[in-house]
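Remarks on the structure that follows.
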Amino acid sequence: MMGIINVLKNKKIKVTEIPKWGAFLRKQWEDNFANHLSVEEKKSIYLWNNSGICGYLWHLFSYEKRACLKREEAEKAFNNEHKGSCYVFWQHTDYALILENAYILNAEDLEDEYDIYVVDKEFNWTYVKTHETLLCGPYFGRKDIKT
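The numbering of the sequence shown is our numbering, which starts it at 19 and goes up by one.
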């Protein structure tokens with residue numbers, strides 16, 4: 019985690035560490051981006067851990083349950099998005115960050131991160147970089163655009 023913090027601070031982005039917010043932010047992300055799916059639909063795409071299979075919120079995009087941009091288009095959209103304040107969190111840890119003055123944050127800054135989510139504070143847009151970068155993602159999606 020220190021690598022990403024150093025990258026951000028070197029870009030003069032204000033970073034506030036919020037070590038126990040991961041579960042809360044993952045739930046907020048789900049409530050905002052996957053709220054159109056039933057519990058059964060969420061189970062069918064392995065949105066959560068289930069029967070020994072590790073769940074991922076980004077399955078919402080890989081299973082095409084919400085419209086999104088992929089790969090280079092996702093990176094470009096993220097790089098061009100207005101990023102004053104946003105949250106950064108990961109799939110498998112409760113550690114998270116609040117970023118302020120994140121205007122120059124870009125996809126390249128996250129190149130060493132996996133299963134990382136960036137979302138504006140209102141949960142209107144999200145950028146996700148997965149651990150399966152050659153197959154899945156990165157993704158950029160908006161709350162108001164569904165499939």
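From the three backbone atoms N, C-alpha and C, an ideal C-beta is built for every residue, glycine too.
These numbers come from a predicted model, not from an experiment.
- For Glu48, the uninterrupted alpha helix (DSSP H) segment begins and ends at Gly40 to Phe51.
- In this structure, Cys104 lies away from Ala92, with their beta-carbon atoms at least 8 Å apart.
- Remark: three or more beta-carbon pairs, one from each stretch, lie closer than 8 Å, so the region 106 to 124 and the region 22 to 33 are flagged as touching.
- Excluding its 5 nearest sequence neighbours in each direction, Leu87 has C-beta neighbours in its own chain below 6 Å: Ala95 and Phe158, listed in chain order.
- In the DSSP annotation of this structure, the continuous segment of the alpha helix (DSSP H) that includes Glu59 starts and ends at Val57 to Ser62.
- With contacts defined as CB atoms closer than 8 Å, Trp143 and Glu99 qualify as a contacting pair.
- Within the same chain, and ignoring the five residues on either side of Leu75 in sequence, the residues whose Cβ sits closer than 8 Å to its Cβ are Arg44, Trp47, Glu48, Phe51, Ala52, Leu65, Gln109, Tyr135 and Val146.
- At the C-beta level, Arg89 and Pro156 come within 8 Å of one another.
- In this model, Phe79 and Ile63 are separated by some 10 Å (Cα to Cα).
- For Glu93, no beta strand (DSSP E) run applies; the uninterrupted alpha helix (DSSP H) run containing it begins and ends at Arg89 to Asn98, by DSSP.
- According to the DSSP assignment, Leu78 belongs to the alpha helix (DSSP H) that extends over His77 to Ser80.
- Annotated as proximal: Thr148 and Asp133, with beta-carbon spacing under 8 Å.
- Per DSSP, the unbroken beta strand (DSSP E) holding Tyr145 starts and ends at Trp143 to Lys147.
- If you ignore the 5 residues before and after Asn67, its C-beta comes within less than 6 Å of the C-beta of Gly73, all in its own chain and listed in chain order.
- Annotation for Asp162: Asn142 place their beta carbon closer than 8 Å to its own, counting only its chain and skipping 5 residues before and after.
- Val57 and Glu82 have their C-alpha atoms some 16 Å from each other.
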